[in-house]
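S.K.: With the sequence shown counted from 1, adding 728 to any position gets you my numbering.
Glycine is no exception: its CB is placed at the ideal position from the N, C-alpha and C atoms.
Handing you this structure, nothing more for now.
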Amino acid sequence: AQDLCKVAGIAKVLVAQHDVYKGLLPEELTPLILATQKQFNYTHICAGASAFGKNLLPRVAAKLEVAPISDIIAIKSPDTFVRTIYAGNALCTVKCDEKVKVFSVRGTSFEAAATSGGSASSEKASSTSPVEISEWLDQKLTKSDRPELTGAKVVVSGVETEFLHVGQAGLEILTSGDPPTSASQSVGITGRGLKSGENFKLLYDLADQLHAAVGASRAAVDAGFVPNDMQVGQTGKIV
């Protein structure tokens, strides 16, 4: 909470502590969010378009009887947002007339807030009774030195011989062998062209040099070369 109070742009930090929040279960967090929204009459509820946000916000929106907006990439006004459609091939501007706007945000489309300079207040959140319709048992994390797929801003094609840097300022094509000029994280994506899972080591070596994540096409995942958590695209992870 102390670190959050230092983030620029934050006015107030509400702290909720209870054993039922340990696993961040949406069944337990939703009543807390609804009580907080009612107490302060918040008009907007948002979260990152991560597994956590995608799990939580639809339940919150359903309880509020509003339609959520997923994976926005820009905010034009308090009630107007931009998101991608057709597998990212088109942009859609959405005006939300709901009394409470519930939306998830693609984090890579926005500049990160400064982690210093803020002076937010901190107070205890309203307590809610545990729902106890689900139970968090355990969590196993796989750690890697490479960045996470969903946090990458640079795409390196493993099939074609060029790098494609995708940033907020536009597109930057780099010839094969040249490092990206941006300090952003990278993601290497490849597909069936590698012929086998063993040949993915070629991409791992490249990714390590670029401090990049490694992704795969649906074809490579369907062929059994790599696990499905590496899939990038419409039916996988958005980068």
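Taking only three categories from DSSP, how would you classify Ile861?
M.R.: Reduced to three states, the DSSP call for Ile861 is coil.
S.K.: On the DSSP letters alone, give me the boundaries of the alpha helix (DSSP H) that Gly952 sits inside.
M.R.: No alpha helix (DSSP H) holds Gly952; DSSP gives it neither H nor E.
S.K.: So, using beta-carbon positions, are Val830 and Ile773 closer together than 7 angstroms?
M.R.: A contact, by the Cβ cut-off of 7 angstroms.
S.K.: Starting from the C-beta of Ala790, find all residues in its chain whose C-beta is less than 8 angstroms away, skip the five residues before and the five after it, and write them out in chain order.
M.R.: Excluding sequence neighbours, Ala790 sits near nothing in its chain.
S.K.: For Thr758, is the classification buried or exposed, using 16 other Cβ atoms within 10 angstroms of its Cβ as the cut-off for buried?
M.R.: Buried is the call here.
S.K.: At which residues does the alpha helix (DSSP H) containing Val788 begin and terminate?
M.R.: Run containing Val788: Ala779 to Leu792, per the alpha helix (DSSP H) assignment.
S.K.: Report all residues from its chain with a CB closer than 8 angstroms to the CB of Leu922; omit the five preceding and five following residues, and keep chain order.
M.R.: Correct list, in chain order: Gly886, Phe928, Leu930, Leu931, Ala948 and Phe953.
S.K.: If you measure between the beta carbons of Gly776 and Val833, is that distance less than 7 angstroms?
M.R.: Yes; because the gap between Cβ atoms is below 7 angstroms, this pair is in contact.
S.K.: Rounded to whole angstroms, how far is the Cβ of Asp807 from the Cβ of Asp825, which I believe are closer than 8 angstroms?
M.R.: Indeed they touch by this definition, with Cβ atoms about 7 angstroms apart.
S.K.: Per DSSP, Lys829 forms a beta bridge with which residues?
M.R.: For Lys829, which the question treats as bridged, DSSP gives the partners His772.
S.K.: Grab me the residues of Val828's own chain with a C-beta within less than 8 angstroms of its C-beta, minus the 5 sequence neighbours each way, in chain order.
M.R.: Only Gln765, Tyr770, Thr771, His772, Ile773, Leu792 and Val794 meet the Cβ criterion.
S.K.: When the Cα of Ala935 is compared with those of Gly781, Arg874, Leu865 and Asp950, which residue comes out closest?
M.R.: Of the candidates Gly781, Arg874, Leu865 and Asp950, the one whose C-alpha sits nearest the C-alpha of Ala935 is Arg874.
S.K.: Could you name the residues that DSSP lists as bridge partners for Ser850?
M.R.: In the DSSP output, where bridge partners are listed per residue, Ser850 has Val741.
S.K.: Please report how far the alpha carbon of Gly895 lies from the alpha carbon of Asn817, in whole angstroms.
M.R.: Because Gly895 carries a pLDDT of 36, less than 50, the predicted location of this residue cannot be relied on, and no value is offered for it.
S.K.: Given a threshold of 16 other Cβ atoms within 10 Å of its Cβ, counted over all protein chains shown, does Gly835 qualify as buried or as exposed?
M.R.: Looking at its Cβ environment, which holds fewer than 16 other Cβ atoms inside 10 Å, Gly835 is exposed.
S.K.: Rounded to whole angstroms, what's the CA-CA distance from Ala951 to Asp747? Just pull it up for me.
M.R.: When rounded, the distance between both Cα atoms is 42 angstroms.
S.K.: Relative to the ligand MN, is the shortest distance from any of its heavy atoms to the C-beta of Ile813 smaller than 6 angstroms?
M.R.: Of ligands this structure carries none, so the ligand MN is not represented either.
S.K.: Exposed or buried, Ile797, counting other C-beta atoms within 10 Å across all chains shown (16 or more means buried)?
M.R.: Classification of Ile797: buried, given that the 10 Å Cβ count is 16 or more.
S.K.: For Leu752, count the other beta carbons within 10 Å of its own beta carbon; 16 or more makes it buried, fewer makes it exposed. Which is it?
M.R.: With fewer than 16 Cβ atoms within 10 Å of its Cβ, Leu752 is classed as exposed.
S.K.: Name the residue from Val743, Ala739 and Cys733 whose alpha carbon lies nearest to the alpha carbon of Ser855.
M.R.: Nearest C-alpha to Ser855: Val743.
S.K.: Take Ser849 and list the residues in its own chain whose beta-carbon comes closer than 6 angstroms to its own, dropping the five residues that flank it on each side.
M.R.: Result list for Ser849: Lys740, in chain order.
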